[in-house]
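Residue numbers (our numbering): 42 to 292.
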């Protein structure tokens, strides 16, 4: 970050930073000769994090994050306990209780409608409703038959997450249509090996409000919604699409 980092090679050395907000993330690279760091918040030990990566150097990884703190002044401290190096790249401070980790991140999909209203970027633009100019994301393949579609968010770095909120399209008679009937939510650190954190079958037609899916906290970079049975929309020529107004990811 900004072309500089801070590091030490001495066990017992530490960084300390006082911030105003409701949460903070400690960002560092990982490498084969990095080790463990003990993390304290407001002088209370929270956990030991590891910057070791046996496969080699990876920059800008979130090693620790805490959210939902009482708004105000807090202090994070990290003490080097092992390895050849402890590195500090940057801190990311949050001033809201539940940050949206997916906001304005990179989205890919199995297929997509791309026009002034629909597109992959519009699934993470912060607009929770389907409005002109930002309807959300819509699939575009095999419209006359039920089939599988997927949409995936790349957070850029691995981060701790425990909740995904899927906002259905909510434009009049189309409200809820496009939300899959059968689907999984999967997470991955490498875009190759996936862990399923939520499975739903025969999901009822939702209202236009966000549908929340919580799970045990996972460290992941990629989040994928895989729709295996889609919902026919009688208001859209009986076509099958997967559609979301917005995809939100929370720690």
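Ideal Cβ positions, reconstructed from N, Cα and C, are used throughout, including at glycine.
Check, Outcome
"Inter-residue spacing [alpha-carbon to alpha-carbon] between residue 244 and residue 268", "11 Å"
"Close beta carbons around residue 57, own chain, < 6 Å, minus the five adjacent residues each side", "118"
"Residue from 125, 129 and 264 with nearest C-alpha to residue 311", "Any answer about residue 311 is impossible in this case: the structure gives the chain only from 42 up to 292."
"Beta-bridge partners of residue 127, as assigned by DSSP", "49"
"Spatial neighbours of residue 221 in its chain, beta-carbon cut-off 6 Å, leaving aside the 5 residues before and after", "268, 271 and 283"
"Proximity winner among 288, 251, 137 and 261, relative to residue 103 (alpha-carbon distances)", "261"
"Contact set for residue 74: own chain, Cβ-Cβ below 7 Å, skip 5 residues either direction", "124, 125 and 126"
"Straight-line gap, residue 106 to residue 140 (C-alpha atoms, nearest Å)", "11 Å"
"Short CB-CB distance (under 7 Å) between residue 238 and chain B", "Looking at the structure shown, chain B is missing, and only one protein chain is on hand."
"For residue 71 and residue 94, believed in contact at Cβ under 8 Å, the rounded distance", "4 Å"
"Residue 63 and residue 112 closer than 7 Å at C-beta", "yes"
"Three-state class that DSSP yields for residue 163 in the structure shown", "helix"
"Bridge partner(s) assigned by DSSP for residue 195", "147 and 263"
"Of the residues 273, 129, 215 and 234, the one placed nearest residue 13, counting alpha carbons only", "The question about residue 13 has no answer here: the residues shown for the chain are numbered 42 through 292."
"Contact the region 209-224 vs the region 237-253: 3+ CB pairs below 8 Å", "yes"
"Which of helix, strand or coil DSSP assigns to residue 62", "strand"
"Beta-carbon proximity of residue 285 to residue 150, cut-off 7 Å", "no"
"Where residue 274 sits in the DSSP three-state scheme", "strand"
"Inter-residue Cα distance where the pair is residue 237 and residue 199", "16 Å"
"Euclidean distance between Cα positions of residue 131 and residue 67", "6 Å"
"Simplified DSSP assignment, three categories, for residue 177", "strand"
"Which of helix, strand or coil DSSP assigns to residue 291", "strand"
"Every unbroken beta strand (DSSP E) inside the region 72-136 [3 residues or more]", "77-82, 85-91, 99-107, 113-121, 127-129 and 131-135"
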